[in-house]
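Engineer: Next up is a structure, given as structure tokens.
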Amino acid sequence: MNYQEFYNQSIENPEKFWAEQANEIDWFAKPEQILSNDETGYPLWYKDGILNTCYLALDKHIQDGYGEKTAIIYDSPVTQTVKKYTFNEVKSEVARLAGGLTSLGLKKGHTAVIYMPMIPQAAFAMLACARIGVTHSVVFGGFAPHELAIRIDDCKPRVIITASSGIEIDRLIAYKPLVDEAIELAEHKPKKVVVLNRKLGARIPFKKYDVDYDALVYGSEEVPCVPVEATHPLYVLYTSGTTGKPKGIVRDTAGYAVALKFSMQKIYGVKPDDVFWAASDVGWVVGHSFIVYGPLINRNTTIIFEGKPIKTPDSSTFWRVVAEHKVSAMFTAPTAIRAIKKEDPNGEFIKQYDISSLRTQFLAGERCDVATLEWYQKHIPIPAIDHWWQTESGWPMIANMMGIEYLPIKPGSSGKAVSGYNIQILGENGQELGANEEGYVVIKLPLPPGTLLNIWNDNERFQAGYLAKFPGYYFSGDGGFKDDEGYIFITGRVDDVINVAGHRLSTAEMEEIVASHQAVAECAVIGINDELKGQIPLALVVTKFGENMEHFQLQYEIVQLVREKIGAVASLRDVVLVQRLPKTRSGKILRKLLRSIADGENFQIPSTIDDEAIIEEVRDEFIKAKIGSFK
Numbered sequence: 006m007n008y009q010e011f012y013n014q015s016i017e018n019p020e021k022f023w024a025e026q027a028n029e030i031d032w033f034a035k036p037e038q039i040l041s042n043d044e045t046g047y048p049l050w051y052k053d054g055i056l057n058t059c060y061l062a063l064d065k066h067i068q069d070g071y072g073e074k075t076a077i078i079y080d081s082p083v084t085q086t087v088k089k090y091t092f093n094e095v096k097s098e099v100a101r102l103a104g105g106l107t108s109l110g111l112k113k114g115h116t117a118v119i120y121m122p123m124i125p126q127a128a129f130a131m132l133a134c135a136r137i138g139v140t141h142s143v144v145f146g147g148f149a150p151h152e153l154a155i156r157i158d159d160c161k162p163r164v165i166i167t168a169s170s171g172i173e174i175d176r177l178i179a180y181k182p183l184v185d186e187a188i189e190l191a192e193h194k195p196k197k198v199v200v201l202n203r204k205l206g207a208r209i210p211f212k213k214y215d216v217d218y219d220a221l222v223y224g225s226e227e228v229p230c231v232p233v234e235a236t237h238p239l240y241v242l243y244t245s246g247t248t249g250k251p252k253g254i255v256r257d258t259a260g261y262a263v264a265l266k267f268s269m270q271k272i273y274g275v276k277p278d279d280v281f282w283a284a285s286d287v288g289w290v291v292g293h294s295f296i297v298y299g300p301l302i303n304r305n306t307t308i309i310f311e312g313k314p315i316k317t318p319d320s321s322t323f324w325r326v327v328a329e330h331k332v333s334a335m336f337t338a339p340t341a342i343r344a345i346k347k348e349d350p351n352g353e354f355i356k357q358y359d360i361s362s363l364r365t366q367f368l369a370g371e372r373c374d375v376a377t378l379e380w381y382q383k384h385i386p387i388p389a390i391d392h393w394w395q396t397e398s399g400w401p402m403i404a405n406m407m408g409i410e411y412l413p414i415k416p417g418s419s420g421k422a423v424s425g426y427n428i429q430i431l432g433e434n435g436q437e438l439g440a441n442e443e444g445y446v447v448i449k450l451p452l453p454p455g456t457l458l459n460i461w462n463d464n465e466r467f468q469a470g471y472l473a474k475f476p477g478y479y480f481s482g483d484g485g486f487k488d489d490e491g492y493i494f495i496t497g498r499v500d501d502v503i504n505v506a507g508h509r510l511s512t513a514e515m516e517e518i519v520a521s522h523q524a525v526a527e528c529a530v531i532g533i534n535d536e537l538k539g540q541i542p543l544a545l546v547v548t549k550f551g552e553n554m555e556h557f558q559l560q561y562e563i564v565q566l567v568r569e570k571i572g573a574v575a576s577l578r579d580v581v582l583v584q585r586l587p588k589t590r591s592g593k594i595l596r597k598l599l600r601s602i603a604d605g606e607n608f609q610i611p612s613t614i615d616d617e618a619i620i621e622e623v624r625d626e627f628i629k630a631k632i633g634s635f636k
């Protein structure tokens, strides 16, 4: 069957299509209701089914006789460790950790926060929670205490599971002091903190609520999988919102399991026992879907990589991992490929390794620019596939479905709509636009299985943010267009969330922090194009009258403030001083106009602007500061 026929089936009869896909996983009680609605009318999948995700990822394969197959390869160039775990070994540790968490009082319906580096125990903790029906929320290890505290207060975990440290390229980051500070800042107080001591020399201040990870695991019996309802929340994953308050995206259990099995086979085109590597982090949705749950459910060997594409030790590290572990399909962000390209423009390191096992390279996290795609294909002549999805969707929405039919790649496009996603481009008034007309990227309801169930404890925000703008459709928040062959081109966010190397960060939150500096009267933070990271934030600051602090000192203090409150991931480096900000007569800052000026794009001056002369003033400051296209 070709792509178009397969896709059409999913749109014309979604219930029948997804009933067939549900047969690909094992159920404790198979669903009779394939598609139904919740009390608000939002679609639900497999509502009366009963299952367990940890069972699908581990126990099922052991029962089928694959217990001695390799489930996880841990490859850590920063600690110079490579370790392989079989399905039997993973299941034993996960089941005992689940027993230990049960002994701490955790049970189905509770929540736990996981604050870990990229080590196997991060995956073990996720699977252990899933095993006993505890909803987990993974927060990037090393995220600032302020950010961690916000998430603790929102999802109210009974337990936090952490490690003594993470490792950056040039330093150790002690996690326990950050966790302790976050607990102090938070109103909600978790009962216990489970700490894995990596014995790398990081400081681990002891508190009464601490529990040693190894003692907990090795002092506990294995516990079986707890059956859960199809719509039971497997996890909550926070993503930035334009208000600055993180949104807890809620993922269901059954729809997600079905969608991940479908993704591994039909989108990524991998077979059981293939080695699959998503060079990402468990703090992202990519890590949830395609480091932990997806590959394991499909009985693929998955790689947990603790390192960076460069400087661990150099830009050959990706190709070493591919060659050493015989990776079949790989997934990374374009920013990683750009970093490698910058360090190794002629691809000399690539030639040093036998990477013939690699069949496909998938790219996502931000739009892949044409130059990066061309560089990759010049040095590694395999399909390099840009594809598009979101934390909210949980799995790809636009892609080249390698397990169905390989379609020609169009640079700049993420491909065609994935089965189940009825993607349309709408105008401001909700009218469907024609080929090559740019508008809002929306998906007609019902969304397929595995997509967001809700926002944690905030259905009002869920309805307002995704469903209210175009009734009957999910609003993606992105703009784009379709060409006359159905290829979709995503042109970027229509709000003020910026994408820094795949991290979605709220400019509203950054503005709040910048504005808190005593010298700042007014500010705007925008995302400008960056060759390496896709986008980076730029702060424009109007200082208070009479303020005479040196520019370099003010810039240093603002950058430190943002690092302290959000973390180094924010990548704010440049602060430009301006006399005033371009605004509409009603007082709204024209951020899109500022972005266009910095990126050197053509722009129209809106008729609502307060004073046109300010445009030249801002441009002059950008030229002086060598910002964006004026470097």
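When we follow our numbering, the leftmost residue of the sequence shown carries the number 6, and every step to the right adds one.
C-beta: ideal position from N, C-alpha, C; glycine also.
Just reading off the beta strand (DSSP E) that V118 is part of, what are its end residues?
Structural biologist: T116 to Y120
Engineer: Would you check if the distance between the CB atom of G138 and the CB atom of V233 is smaller than 7 Å?
Structural biologist: yes
Engineer: Rounded to whole angstroms, what's the CA-CA distance from L457 to G399? Just pull it up for me.
Structural biologist: 7 Å
Engineer: Report all residues from its chain with a CB closer than 6 Å to the CB of Q14; omit the five preceding and five following residues, and keep chain order.
Structural biologist: F22
Engineer: Below 6 Å CB to CB, which residues in the same chain sit around L595 once its five sequence neighbours on both sides are set aside?
Structural biologist: P587
Engineer: From the beta carbon of D604, is the nearest beta carbon of chain D less than 7 Å away?
Structural biologist: Here chain D cannot be found, since the structure has a single protein chain.
Engineer: In terms of DSSP beta bridges, what is F486 paired with?
Structural biologist: According to DSSP, which records beta bridges pairwise, F486 is partnered with F494.
Engineer: Could you check whether A117 and H151 sit closer than 7 Å to each other, using their CB atoms as the reference points?
Structural biologist: It is not a contact, given that the beta carbons lie outside the stated cut-off.
Engineer: Could you tell me the distance, in whole angstroms, from the CA atom of C160 to the CA atom of V199?
Structural biologist: If you draw a straight line from the Cα of C160 to the Cα of V199, it is about 17 Å long.
Engineer: Is there contact here, the segment 226-242 with the segment 41-61, by at least three beta-carbon pairs under 8 Å?
Structural biologist: yes
Engineer: Please state whether DSSP places T75 in a helix, a strand or coil.
Structural biologist: DSSP, read as helix, strand or coil, puts T75 in strand.
Engineer: Could you give the first and the last residue of the continuous alpha helix (DSSP H) run that contains S285?
Structural biologist: First-last for S285: undefined, no H or E at that position.
Engineer: Which of the three DSSP states is assigned to K197 in this structure?
Structural biologist: strand
Engineer: Rank P19, I166, V228 and P82 by C-alpha distance to the C-alpha of S97 and give the top, closest one.
Structural biologist: V228
Engineer: Return the first residue and the last residue of the alpha helix (DSSP H) that N93 is part of.
Structural biologist: Here the alpha helix (DSSP H) through N93 covers F92 to S108.
Engineer: Judging by CA-CA distance, which residue of E379, E397 and T396 is the nearest neighbour of I390?
Structural biologist: E379
Engineer: Residue ranges of each alpha helix (DSSP H) run of no fewer than 4 residues wholly in the segment 41-76, ordered along the chain?
Structural biologist: 65-68
Engineer: Which residues mark the beginning and the end of the alpha helix (DSSP H) in which F323 is found?
Structural biologist: Where F323 is concerned, the enclosing alpha helix (DSSP H) stretches over T322 to H330.
Engineer: The beta strand (DSSP E) with R256 in it runs from where to where?
Structural biologist: K252 to R256
Engineer: DSSP three-state label for Q565, please.
Structural biologist: Here Q565 carries a helix assignment [DSSP, helix/strand/coil].
Engineer: Is there contact between the segment 441-456 and the segment 258-276, where contact requires at least three CB pairs shorter than 8 Å?
Structural biologist: They touch, by the three-pair rule.
Engineer: Under the three-state reduction of DSSP, which class applies to N13: helix, strand or coil?
Structural biologist: Helix at N13.
Engineer: Throw me the rounded Cβ distance for the V623 and I602 pair, which I believe falls under 8 Å.
Structural biologist: The Cβ separation is near 6 Å, so the contact holds.
Engineer: Can you tell me whether I174 is buried or exposed? The criterion is at least 16 other CB atoms within 10 Å of its CB, across all chains shown.
Structural biologist: The residue is exposed, with fewer than 16 neighbouring Cβ atoms inside 10 Å.
Engineer: According to the Cβ coordinates, are L431 and Y411 closer than 7 Å?
Structural biologist: no
Engineer: Tell me the DSSP bridge mates of E410?
Structural biologist: Paired residue(s): none; E410 is not in a bridge.
Engineer: Across the segment 41-54 and the segment 282-290, are there enough close Cβ pairs to call them in contact, namely three or more that are closer than 8 Å?
Structural biologist: no
Engineer: Here's a check: name, in chain order, each residue in its chain whose Cβ is nearer than 8 Å to the Cβ of E226, leaving out the five neighbours to either side.
Structural biologist: R101 and G104
Engineer: Among Q126, A24, P401 and Q9, whose alpha-carbon lies nearest the alpha-carbon of V297?
Structural biologist: Q126
Engineer: Can you find the residues in the same chain that come closer than 8 Å, C-beta to C-beta, to T91, ignoring five residues on each side of it along the sequence?
Structural biologist: G72, E73, K74, T75 and A76
Engineer: Kindly indicate which three-state DSSP category A506 falls into: helix, strand or coil?
Structural biologist: coil
Engineer: Over what stretch of residues does the beta strand (DSSP E) that includes K181 continue unbroken?
Structural biologist: The continuous stretches of beta strand (DSSP E) do not include K181, which lies in the alpha helix (DSSP H) extending over residues K181 to L190.
Engineer: With DSSP as the reference, please indicate the residues paired to E437 in a beta bridge.
Structural biologist: L431
Engineer: Apart from the five residues just before and just after V375, which ones in its own chain have a Cβ nearer than 8 Å to its Cβ?
Structural biologist: P416 and G417
Engineer: Among the candidates A338, K356 and M407, whose CA atom is the shortest distance from the CA of T365?
Structural biologist: M407
Engineer: How big is the Cα-Cα spacing for I172 and V83?
Structural biologist: So the two alpha carbons sit approximately 7 Å from each other.
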